[in-house]
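In this note's numbering, the protein residues as written are 577 to 827.
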C-alpha cells in the first residue's frame with residue numbers, strides 16, 4: 577500500500593494511525609480539548625465542525641481553526657463537516673458545503689480535510705485539486721448508517737474516490753449481521769491487495785463491527801477512530817484500548 581506522508585507521519589505504513597474527535601460546541605471547549613489531546617497517544621485530531629455551535633459561522637470557524645492548529649502542535653489536524661445526510665448534526669445546501677470546504681482550505685490550517693463523496697458530487701475532482709494546491713490531503717468519505725452494501729459496491733466506490741484524486745478513501749457502514757462485517761473486511765482486503773494506489777480507511781460501525789476498527793494493519797485499513805472520552809460515531813473504542821490492541825496486533 578502506498579503511503580501518505582504528513583508532518584512525518586506515514587499513513588499507510590505499519591500500525592494504523594489513530595484519530596480522536598473533538599465534538600465540542602464552543603471555541604473555548606474546542607481549545608480545551610485540543611490542549612488535553614496534544615499530550616495523548618494519538619496521531620491525528622479531527623475537528624467535527626458540524627458539532628460546533630458556529631457550524632455555519634465561517635468567520636468563527638476560521639478564528640477557531642487558527643488557534644486549534646497552534647494548540648495541537650505536531651499532531652495532524654483533520655477538518656470534517658459531517659452533513660446531516662451522512663449522519664452529522666447540521667444540513668448544508670450544496671453551495672454552502674462547497675463554500676465551507678474552500679473556506680477551510682484558505683485557512684492553511686488543515687493537514688487533512690474530509691470531503692464527502694456524494695455531497696461533493698461532480699465538483700469532487702476540482703475540490704480535491706484545490707485541496708492539494710492548498711497543501712491538504714483529502715479523506716474522501718461515504719457513510720451508510722442503515723446497511724452494508726455488497727463488497728463489489730464498496731470496492732467500486734473506493735476506486736471511484738481514488739480515480740477522483742483522493743488521498744484516503746473512507747467508508748463507514750452499518751452491519752446488520754456478522755456476514756456484513758465480513759463483507760466490509762473483505763472489501764478492505766481487496767482494496768489493499770488489488771488497488772494499493774492509496775491507503776484507505778474503513779469501518780463497520782456499532783458494537784458488531786468493532787473488530788474492523790482494530791484489525792486495520794492485517795486487513796488494510798490505514799487509520800482508525802478512537803474514543804478519547806466522547807465518541808463521534810457508534811462503536812468507537814476507548815483510546816487506551818485501541819492503542820493496547822493495535823500494539824498487540826502489530827505485525
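Backbone N, C-alpha and C define an ideal beta-carbon position, used for all residues, glycine too.
Cβ-based burial, residue i [other Cβ within 10 Å; buried from 16]
| i | result |
| --- | --- |
| residue 804 | buried |
| residue 670 | exposed |
| residue 588 | buried |
| residue 761 | buried |
| residue 823 | exposed |
| residue 764 | buried |
| residue 745 | buried |
For residue i, the first and last residue of its enclosing alpha helix (DSSP H)
| i | result |
| --- | --- |
| residue 680 | 670-683 |
| residue 818 | 815-824 |
Residue i, enclosing beta strand (DSSP E) - first and last residue
| i | result |
| --- | --- |
| residue 786 | Premise fails: residue 786 lies in the alpha helix (DSSP H), 786-790, not in any beta strand (DSSP E). |
| residue 745 | 744-749 |
| residue 801 | 799-803 |
Per DSSP, the bridge partner or partners of residue i
| i | result |
| --- | --- |
| residue 659 | 666 |
| residue 587 | 580 |
| residue 620 | 595, 652 |
Nearest-angstrom Cα separation, counted from residue j out to residue i
| i | j | result |
| --- | --- | --- |
| residue 614 | residue 590 | 22 angstroms |
| residue 630 | residue 812 | 25 angstroms |
| residue 693 | residue 730 | 13 angstroms |
| residue 577 | residue 663 | 29 angstroms |
| residue 859 | residue 681 | In this structure the chain extends from 577 to 827, so residue 859 is not present and cannot be described. |
| residue 815 | residue 679 | 31 angstroms |
| residue 584 | residue 757 | 32 angstroms |
| residue 753 | residue 780 | 11 angstroms |
Candidates the options: closest to residue i by CA position
| i | options | result |
| --- | --- | --- |
| residue 713 | 605, 603, 702, 743 | 743 |
| residue 689 | 725, 711, 758 | 711 |
| residue 725 | 747, 623, 683 | 747 |
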